[in-house]
Every structure is written in C-alpha cells, then in structure tokens.
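> This is the structure I have questions about; it appears just below.
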Amino acid sequence: MTSGTLIPGQVVVIEVPVRNGSFEREHSALVLRSPDTSGELLAALIFNQDAVYGSDLDAIVIEDSDFEGEGLGRTSVVRAQQTLVIHRSAVKRIVGMLQPRAFSAVIRCRISLDVKLFYEVFHDARRFDPARDRVPYAGRVFDEKEVQAAVDAALDFWLTLGPHGDRFQKTLAEFLGVRSSVLVNSGSSANLVAFAALTSHKLGERRIRPGDEVITVAAGFPTTVNPILQYGCVPVFVDSDTKTGNIEVSYLEEALSERTRAVMLAHTLGNPFDADAVTEFCQRHGLWLIEDNCDALGSLYKGKLTGTFGDLSTQSFYPPHHLTMGEGGAVNIVREAQLKPIVESFRDWGRDCWCDSGKENTCGKRFGWRLGELPEGYDHKYIYSHIGYNLKPLDIQAAIGCEQLAKLPFFVEARRRNWKRLLDRVRPFEEFLELPEATPGSEPSWFGFMVLVRTEAPFTRKDIVEHLENHKIQTRMLFGGNLARQPAYLKAGNGSNRLPFRIVGNLRGADRLMNDAFFLGVYPGLTDVHIDYMIQVLSDFLRKL
Ligand SMILES: Cc1ncc(COP(=O)(O)O)c(C=O)c1O
10 MTSGTLIPGQ VVVIEVPVRN GSFEREHSAL VLRSPDTSGE LLAALIFNQD
60 AVYGSDLDAI VIEDSDFEGE GLGRTSVVRA QQTLVIHRSA VKRIVGMLQP
110 RAFSAVIRCR ISLDVKLFYE VFHDARRFDP ARDRVPYAGR VFDEKEVQAA
160 VDAALDFWLT LGPHGDRFQK TLAEFLGVRS SVLVNSGSSA NLVAFAALTS
210 HKLGERRIRP GDEVITVAAG FPTTVNPILQ YGCVPVFVDS DTKTGNIEVS
260 YLEEALSERT RAVMLAHTLG NPFDADAVTE FCQRHGLWLI EDNCDALGSL
310 YKGKLTGTFG DLSTQSFYPP HHLTMGEGGA VNIVREAQLK PIVESFRDWG
360 RDCWCDSGKE NTCGKRFGWR LGELPEGYDH KYIYSHIGYN LKPLDIQAAI
410 GCEQLAKLPF FVEARRRNWK RLLDRVRPFE EFLELPEATP GSEPSWFGFM
460 VLVRTEAPFT RKDIVEHLEN HKIQTRMLFG GNLARQPAYL KAGNGSNRLP
510 FRIVGNLRGA DRLMNDAFFL GVYPGLTDVH IDYMIQVLSD FLRKL
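Counting in the numbering used here, the sequence shown runs from 10 upward without gaps.
As structure tokens, this is what we get:
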C-alpha cells in the first residue's frame, strides 16, 4: 500500500484479484476520484495498447510524453469507462501524473459516452402513435452528436464566439460557395445586420440612406421587412404569386422610383424566387439585393444555391429551420470582401477593431490609429465606426451547428421527399385546394407544404385548419399574411397619418395568402407514417363534403 496522497490524474499500480477469469496481481490504473472518507477511490484501468481493440469508444491512447515526469515506459490505453471502485489499500504505488491535456481527454470521453447513453435512453425517437403524439410542423432533429458537442463546448467554457464559431462560419461559407459567413444570434438579427451594413458610411455614395425605398413583398415574415423601417427607409410592397408564394416579378418595374436603392426578399417557404428576373432588375438599376435565405438553406435555382444571388444573404438557425443551434443566424457575404468587416462591426458593438474574441492587436497597430476626432493612438478596441449592436451567439451554439451542418444533405433530401409525398397524395383534392408549385428551374429545399383553400370550396381555411389541429396535426399560416394589414405596420407612422410603406398594385395575392393559405410540415423529423396520417386526416375531412 502506498502512503502517498492519491489525487485525480495519477497513474497508479493496483492489485486486482481477478480479471477475465485469470489471476492478475498488478494492473495500472488512472485515479479518477480521490479516496472518500471510507478510503474508496474510483480508477480507470490501463492496458497495453495491443490488448485493446481500436473500436472501443472509451479507449484513450497515452504515451510517456503525456506524463508529467516519468510514465509507464510504453504506449498504453486508458479505458475511460472501465472503472473500479477500490480501497486505497489496493494501491501499491504511484507511477506518475498525467498532464492536464491527456487527463482531460479521458474525462471528456467519459462524459461524452454518458451523454450518448443519455441521448439513447431519453431522446431517441419513439414510434409515432397518432393517439398520443402530435405531428409538429417543424422541430429540431438531432442525435447524440449535437448533445455531445454542446457538452464538450460547455466543458471548454470558452462561452463567447470562438473556435467552434470559426469552424461553423467557414463550413457554411464553403457549403454555399460564398466569400464568408458571419454568425449572429438569429435570422432576424441577420436581416437587421445585413441591412444595417448597407447603410455604412464606408460605402460612400452606394450607402442606403433614410427615406430611400426598398422593394419587398407584403406576404411574408415581419423581420424581413422591419430593418427597412428601423433605418428610416420605406418598404415598397409588391404582390406575391399564390402558387409559388413568391414575388410577382412583373411588378418590379412599376415598384421602382428615384429613391429605390435595394431589393430585400425571402425565398418563401424554401421556394426560390425568380432569381434571374430579380438579379437582372437589380443589376440594371444598380440596386443592392439582400436575399433572406432563412427558410431556404439548400434550395437550388437553375443549379445554383439560393443565398448566393444577392450581395448579402441571411440564414436562421431557430429550430424549425433547415438546421438549428437553438437561436442563431448568419449573414453571408456573397462576393464583396469589403462588406465583411462592416457586417462584423454592426454585429460587434459597431467597433472598428476586428480582433476575434480573446485576441488583441490583430491589426498590428492597436495603439497606432487616428480616427474621428479621437486622440492619436486611442485603443483601437474602443474605436467605433458604426452605431452597432451586440448580436453574437455563443460558441456552444456554434458547436451544435457544426454537427447540424454535417447532416444538412440528409435534411434537405428528407424535406424534398416529404414535400413530394404530400403533393402526390393531396393532388386528388385539387378541386378544393390550390396546390403549391416549385418556381420554374428550381429545386427547393422546402420549409413547408403550403396549400390555399379555393375560394369556391364549401369550407373555409378555419374549418380545415381546426380539423387538422383537433387531430394533433400542427399547421401554420404564411407568417404575417399581408403585412400591410398588420397593426404594427399600420401604426408605425410615428403618429402621423402617413403609412410608413408604399404599395404597388392591389396586393390581391398577398390578401389571398393571408385569407386562404396554410402550411403543413415537411421537416426531417417526419416519416412516411406521419405524412400518411396527415393525408388520412385531411382525406377524412374532404371526403365528408
Ligand atoms: C423568412 C424568414 N426570415 C427571417 C426569420 C427570422 O428568423 P429568426 O426566428 O431566427 O429570428 C424567419 C423566421 O421564421 C423567416 O421565416
């Protein structure tokens, strides 16, 4: 028995009575927990490397160089989950101490495997039972890898955007084929930061100014439009086509005025807008294009990913979206490198400095700037070139996002498959329901399956939606419907009677979408069983008419 103090991280030699039926007098082990009051400690067994199969998930290889001082004199393997509770009297001697990096790898491995077990027992999908379960329109789809990544990042306790954020931004930009991606804490923040960036004085004459007009659609999500108002500009609402849910591009010319500076549009429910017409219009008139790609990650228009047509594009990583990190979003800088530091500045308090979190003096002249009317050499960390925000997510979120990104091709494929199955099975009811259509030349990565109740149908949208919801099938409207009819927009005129927006045409399409449209889920958590149940409930309603 050793008389030394036993502490976590020590490698010791213990007496083990029996293992695999054979008698072993001595075995090396790693102390995981110091002896308690009764003298019992927790230790993980250490084996010769050749005694362990490489596929064992809890096998951590250690070399002598992983020790502080002397080691075991050979390459060995700690089996992080093969533990023993032994009395301190069974410890014959202390060999040495593992370095923190090697010891932390063992502890992380133990935690990670427990997290996997937790996931398998408590999170893994049960079989769908219509009597008990809801059919959600969307939700997070994940496996043990996301939970493990979150816990592992929590162990780092870096917290603020860091290494996982860098990895996520790089991988997303590579996936899209854009110049760079900048993480923010939501899709709404992404839209805000993207718009704000285009108001920067650094863009000179090209900047968007208060009073300028921005062409958008009335039928959609509010935070695609809100930044326009928040920067004192005027949204110009154009109508939408009810089959694709997207902008009626034939109205673009009519929407143009001398003050038009930009077009800001979403790809509705994953269905790409007519990117040929919109980009040609923007180029011809020298307009910025912000693509709200929040609902369309993975969608293709003429073989090119959406989110790559505009000057800037945005993503949302809220759970219903194509991938999630809880809350989260991104601004994609499609081509123009100059926009990246501007986007980052608005995200990061408006600062001029571009050091990553935890870094200093990336520019090499932290105390060598002279900007504004500040004294020469004022700390660049505290020089502000924009009226900015702080809209960063946590590194833990980015760690989850990295795992989700790896699943994106599967997610996109599942969304397409579910949408197609719904379309095929709803087609017999076309007499009552207007069915969705993919924009010509597109391959959408669908957010939802939208239908419109025909005006002449013998039931209302309320009737059918209530029937579905009563049978535990979640439905959603097309977000804000016709935003021009929402109280927020009608009242946003700062007390004056003037509406804060301009309308082109009569917005008949937006009104129809507001009155008659709803959508069902297609998210990857839905299987054929869910889809067929949705169809059965829908058919029960429609056949009774
Ligand atoms: C088209 C569109 N843009 C922006 C957003 C906002 O995203 P977030 O909820 O992450 O703020 C949404 C949300 O669903 C959306 O559908």
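Just so you know, even glycine gets a beta-carbon here, dropped at the ideal spot from N, CA and C.
#1: Using 10 angstroms around the beta-carbon of ARG83, count the other beta-carbons present and answer buried if the total reaches 16, otherwise exposed.
#2: Identify the continuous alpha helix (DSSP H) that holds PHE3 and give its terminal residues.
#3: With distances taken from CA atoms, which of ASP67, LEU238, GLY335 and SER197 is nearest ASN302?
#4: Going by the DSSP bridge assignment, what does GLU222 pair with across the sheet?
#5: Classify GLN545 as buried or exposed, calling it buried when 16 or more other Cβ atoms lie within 10 Å of its own Cβ.
#6: Once DSSP output is grouped into helix, strand and coil, what is the label at MET459?
#7: Under the rule that 16 or more other beta-carbon atoms within 10 Å means buried, what is MET523, buried or exposed?
#8: Can you name the residues that DSSP bridges to GLN413?
#9: Looking only at its own chain, which residues have a Cβ that is under 6 Å from the Cβ of SER190, when we skip the five neighbours before and after it?
#10: Please look up how many angstroms separate the CB atoms of MET334 and ILE409, rounded, as I've assumed it's under 8 Å.
#11: Quick one, are the C-beta atoms of LEU278 and PHE456 less than 7 Å apart?
#12: If you check the beta carbons only, do LEU41 and LEU51 fall under 7 Å apart?
#13: Please indicate yes or no: does the CB of ILE14 lie closer than 6 Å to some heavy atom of ligand 1?
#14: According to DSSP, simplified to helix, strand and coil, what is GLN545?
#15: Measuring only the C-alpha atoms, how far is GLN157 from CYS118?
#16: Roughly how many angstroms lie between the CA atoms of PHE318 and ASP283, to the nearest whole one?
#17: Apart from the five residues on each side of it in sequence, which residues of its chain come closer than 8 Å, Cβ to Cβ, to THR92?
#18: Which runs of the beta strand (DSSP E) fall wholly inside the stretch 55-111 and span at least 3 residues, in chain order?
#19: Is the stretch 226-236 close to the stretch 488-496, with three or more CB pairs under 8 Å?
#20: In angstroms, rounded to a whole number, what distance separates the CA positions of ARG511 and PRO445?
#21: When the Cα atoms are used, what is the spatial distance from PRO17 to VAL70?
#22: Please state if the CB of VAL160 and the CB of VAL124 are separated by a distance shorter than 7 Å.
#23: Quick check: is any heavy atom of ligand 1 less than 6 Å from the C-beta of GLY338?
#24: Check whether the Cβ of GLY196 lies closer than 6 Å to any heavy atom of ligand 1, and answer yes or no.
#25: Pop quiz: ASN194 and PRO402 are said to be a contact at Cβ under 8 Å. What is the actual Cβ separation, rounded to whole angstroms?
#26: Report the option in SER121, PRO139, ALA199 and VAL150 whose CA atom is closest to the CA atom of ASP133.
#27: In this structure, does DSSP put PHE527 in helix, strand or coil?
For this structure:
#1: With fewer than 16 other Cβ atoms from the protein chains shown falling within 10 Å of its own Cβ, ARG83 counts as exposed.
#2: Shown here, the chain extends from 10 to 554; a query on residue 3 therefore has no answer.
#3: Closest option to ASN302, Cα to Cα, is SER197.
#4: According to DSSP, GLU222 shares a beta bridge with VAL243 and THR269.
#5: When all chains shown are included, GLN545 counts as exposed.
#6: Strand, per DSSP.
#7: Under this definition MET523 is a buried residue.
#8: As DSSP reads the structure, GLN413 sits in no beta bridge.
#9: Short of 6 Å from the beta carbon of SER190, and not among the five residues preceding or following it, lie these beta carbons of its own chain, in chain order: GLN178, LEU181, ALA182, ALA339 and ASN341.
#10: Going by Cβ atoms, the distance from MET334 to ILE409 rounds to 5 Å, so yes, they are a contact pair.
#11: In contact: LEU278 and PHE456 (Cβ atoms closer than 7 Å).
#12: Yes, they are a contact pair.
#13: Residue 14 is actually Thr in this sequence, not Ile. No, since every heavy atom of ligand 1 falls outside the 6 Å radius drawn around the Cβ of THR14.
#14: The answer is helix: DSSP assigns GLN545 an H, G or I state.
#15: Roughly 10 Å between the two C-alpha positions.
#16: For PHE318 and ASP283, the distance between alpha carbons rounds to 11 Å.
#17: Only residues of its own chain outside the window of five on either side were considered, and among them LEU41, LEU51, ALA52, ALA53 and LEU54 have a CB closer than 8 Å to the CB of THR92, listed in chain order.
#18: Within the stretch 55-111, the beta strand (DSSP E) runs of at least 3 residues that lie entirely inside it are, in chain order, 68-71, 85-96 and 100-107.
#19: Verdict: yes, contact present.
#20: Their Cα atoms are separated by approximately 28 Å.
#21: C-alpha separation (whole angstroms): 18 Å.
#22: Closer than 7 Å, so yes.
#23: Taking 6 Å as the cut-off, the C-beta of GLY338 counts as close to a heavy atom of ligand 1.
#24: With a cut-off of 6 Å, the C-beta of GLY196 is classified as near ligand 1, since at least one heavy atom of the ligand falls inside that distance.
#25: By a beta-carbon distance limit of 8 Å, ASN194 contacts PRO402. Their separation comes to about 5 Å.
#26: Here the closest residue by C-alpha is VAL150.
#27: Three-state DSSP puts PHE527 in a strand.
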